[in-house]
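Let me begin by presenting the structure, written as structure tokens, before commenting on it.
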Amino acid sequence: KSLAMPSLGTVAVLSAELAAGRTTSRRLVDLALSRCTDPTGEGPRAFMKVYREAALAEAEASDRLRALGVVRSPVEGIPISVKDLFDVSGDVTLAGSVALASNPPAAADAIAVARLRAAGAIIVGRTATVEFAFGGVGINPHYGTPRNPYDRAGGGRVPGGSSAGAAVSVADGCCAMGLGSDTRGSVRIPSALCGVTGFKPTQRRVPRDGCFPLSYTLDSVGPLASSVACCAVYDAILSAEGPAAAARPPQPLPADRMQLLVPQGYLLEGLDAATAAAFERTLMLLRNAGATVVLRDAPCLTTANNLYAGGGFSAPEAFHLHRSILEKHRDKYDPRVADRIAAGRGFPADDYIQLGLDRAQAISGAEELMRGFDAMLYPTCPIIAPTLEEASGEGYVGINLTLLRNTGLANMLDGCAVSLPCQVEGQAPVGLTVAGMGGRDA
Numbered sequence: 027k028s029l030a031m032p033s034l035g036t037v038a039v040l041s042a043e044l045a046a047g048r049t050t051s052r053r054l055v056d057l058a059l060s061r062c063t064d065p066t067g068e069g070p071r072a073f074m075k076v077y078r079e080a081a082l083a084e085a086e087a088s089d090r091l092r093a094l095g096v097v098r099s100p101v102e103g104i105p106i107s108v109k110d111l112f113d114v115s116g117d118v119t120l121a122g123s124v125a126l127a128s129n130p131p132a133a134a135d136a137i138a139v140a141r142l143r144a145a146g147a148i149i150v151g152r153t154a155t156v157e158f159a160f161g162g163v164g165i166n167p168h169y170g171t172p173r174n175p176y177d178r179a180g181g182g183r184v185p186g187g188s189s190a191g192a193a194v195s196v197a198d199g200c201c202a203m204g205l206g207s208d209t210r211g212s213v214r215i216p217s218a219l220c221g222v223t224g225f226k227p228t229q230r231r232v233p234r235d236g237c238f239p240l241s242y243t244l245d246s247v248g249p250l251a252s253s254v255a256c257c258a259v260y261d262a263i264l265s266a267e268g269p270a271a272a273a274r275p276p277q278p279l280p281a282d283r284m285q286l287l288v289p290q291g292y293l294l295e296g297l298d299a300a301t302a303a304a305f306e307r308t309l310m311l312l313r314n315a316g317a318t319v320v321l322r323d324a325p326c327l328t329t330a331n332n333l334y335a336g337g338g339f340s341a342p343e344a345f346h347l348h349r350s351i352l353e354k355h356r357d358k359y360d361p362r363v364a365d366r367i368a369a370g371r372g373f374p375a376d377d378y379i380q381l382g383l384d385r386a387q388a389i390s391g392a393e394e395l396m397r398g399f400d401a402m403l404y405p406t407c408p409i410i411a412p413t414l415e416e417a418s419g420e421g422y423v424g425i426n427l428t429l430l431r432n433t434g435l436a437n438m439l440d441g442c443a444v445s446l447p448c449q450v451e452g453q454a455p456v457g458l459t460v461a462g463m464g465g466r467d468a
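Start counting the sequence shown at 27; every next residue gets the next number (my numbering).
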């Protein structure tokens, strides 16, 4: 049921092809650009802007450096995309909105963008986002919504959000990695719904300077790519945990040494048939491979999730950020976004302080729950991607909350989590979350 173009490839494959001289950065970028602009694909909706001239110039420079023996990192010469929340020098950062169109251009790249560029990555364009990254469905009425790679012939399904264009750009082979942001699942939801891999790091791991914020407390920066190994390489560069040239995925833990927790409770409630079947099949495969999989009640995780009631951190923090913009340009906002931001008006200061204290307690409870386990497992989203029709009108609010439900846990716990595809090939994409506590990223 997929009409997506073939993946561009993994970092390992592309890096090896470049090293062996079987391809060049110029060829890879030419292919990526052709897909970005192909009117029969989703590139024109996945990208808000394509950097054709700059990308070609940087690709040619990368090839010349490689010919001289200079390879800055494993991602040297490989095309990537950047979500339209990140500053790119010389461009206005629109954040998926028309309300910021009169803002001055960015004077410098965001730190995450600068680190990728310094590692030799080639930025082919800026990708679509839910306006101001405030939503998990992926719809943007201003610039259009890229269709999910699954079931395009059936009328189209939502890509998930807010990093909608990032996921579609990877799934459609427009790039090897899409740089995204994640406040309550904005990297992992579109990854799960579109059948790619997405990693949300511990918040402090990657600097957020130059990334338009949604929630100062919950925002994090992470990659969407074709595999966990790809995400690990890009994360190593983004976090600057060592020289970019030494960026490598960590050695995998053998299955028979894995201690895995499957928390019982809300994370497994209300799963649709496809998601439940894919998740159970995955648990069976892990057990058959020798992993220890433990099912355990986890009321502390329900307590953590309940901290989102009333808007959580995002409502007051987003309103603080948008107050002056809303006063001048509310008519330019997507009403679904404006209403959620405005709900943060008048959030009591004592409630906000209590929220921080309660979060600290929730993190302590989850740390105790996870003692002795390598990771916890749960479905990234309770449902497969809804159709665009289902997510329109009155159905939007319920679908948005459903998609955000499971992913928000890692943000509230200041943890790390990767979503990777776990469906049988040819079926609707389903994401498996492998999550850990803060600082356990590697």
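Think of the CB as a built atom: it goes at the ideal place given N, C-alpha and C, for glycine as much as any other residue.
Check                                                                                                                          : Outcome
Alpha-carbon spacing of D440 relative to L91, whole angstroms                                                                  : 40 Å
Reduced DSSP secondary structure (H/G/I, E/B, other) of V150                                                                   : strand
Residues bridged to D208 (per DSSP)                                                                                            : S246
Under 9 Å between C-beta atoms of G162 and S188                                                                                : yes
Contacting residues, own chain, Cβ-Cβ under 8 Å from P65 (five flanking each side not counted)                                 : none
Close beta carbons around I148, own chain, < 6 Å, minus the five adjacent residues each side                                   : V55, A81, E84, A85, P105
Same chain only: Cβ atoms within 6 Å of G464, ignoring 5 sequence neighbours per side                                          : T228, D440, G441
Identity of the residue in R431, A417, P447 nearest G296 by Cα                                                                 : R431
Beta-bridge pairing of Q290 - partner residues as DSSP gives them                                                              : D323
A281 and L312 closer than 9 Å at C-beta                                                                                        : yes
Status (buried if at least 16 other CB within 10 Å, exposed otherwise) for K354                                                : exposed
Contact check, R214 vs S445, beta carbons under 9 Å                                                                            : yes
Burial state of R349, where buried means 16 or more other Cβ atoms lie within 10 Å                                             : exposed
Straight-line Cα distance separating V108 from V247                                                                            : 11 Å
Limits of the unbroken alpha helix (DSSP H) element including Y378                                                             : 375-395
Delimiting residues of the alpha helix (DSSP H) encompassing C62                                                               : 51-63
From E343, V363, A386, residue whose alpha carbon lies closest to that of F373                                                 : E343
Where the alpha helix (DSSP H) containing F345 begins and where it ends                                                        : 340-355
4 or more residues per run - each alpha helix (DSSP H) lying fully within the stretch 392-448                                  : 421-431, 434-438
Close-in-space but distant-in-sequence residues of the same chain around S253 (CB under 6 Å, 5 per side omitted)               : T36, T223
Same chain, Cβ closer than 7 Å to D377, five either side skipped, listed in chain order                                        : none
The stretch 287-304 in contact with the stretch 451-465 per 3-pair CB rule at 8 Å                                              : yes
Where S189 falls: helix, strand or coil (DSSP)                                                                                 : coil
Run of the beta strand (DSSP E) containing S107, from where it starts to where it stops                                        : 105-109
Contacts around E68, its chain only, beta-carbon distance under 7 Å, and the 5 residues preceding and following it disregarded : P172, R173, V194, D198
Three-pair Cβ contact test at 8 Å for the stretch 388-401 versus the stretch 315-333                                           : yes
Three-state secondary structure (DSSP) of R183                                                                                 : strand
D298 to A218 span [Cα, whole Å]                                                                                                : 14 Å
Own chain residues within Cβ distance below 6 Å of E58, not counting five before or after                                      : It is worth fixing the name first, because residue 58 is Ala in this sequence and not Glu. P105, V150, C200, C201, listed in sequence order.
Rounded separation between G336 and A330 - CA only                                                                             : 13 Å
Where the alpha helix (DSSP H) containing P458 begins and where it ends                                                        : Here residue 458 turns out to be Leu, not Pro, going by the sequence shown. Not the alpha helix (DSSP H): L458 falls in the beta strand (DSSP E), residues 457-462.
In DSSP terms, what K226 is bridged to                                                                                         : A443
Through-space distance from A121 to A45, alpha-carbon basis                                                                    : 36 Å
Distance between beta carbons of L205 and P249, contact taken as under 8 Å                                                     : 6 Å
6 Å Cβ shell around A369 - same chain, five flanking residues per side excluded                                                : G337, A341
Nearest candidate by alpha-carbon position, reference D400, set P455, L287, A136, D360                                         : L287
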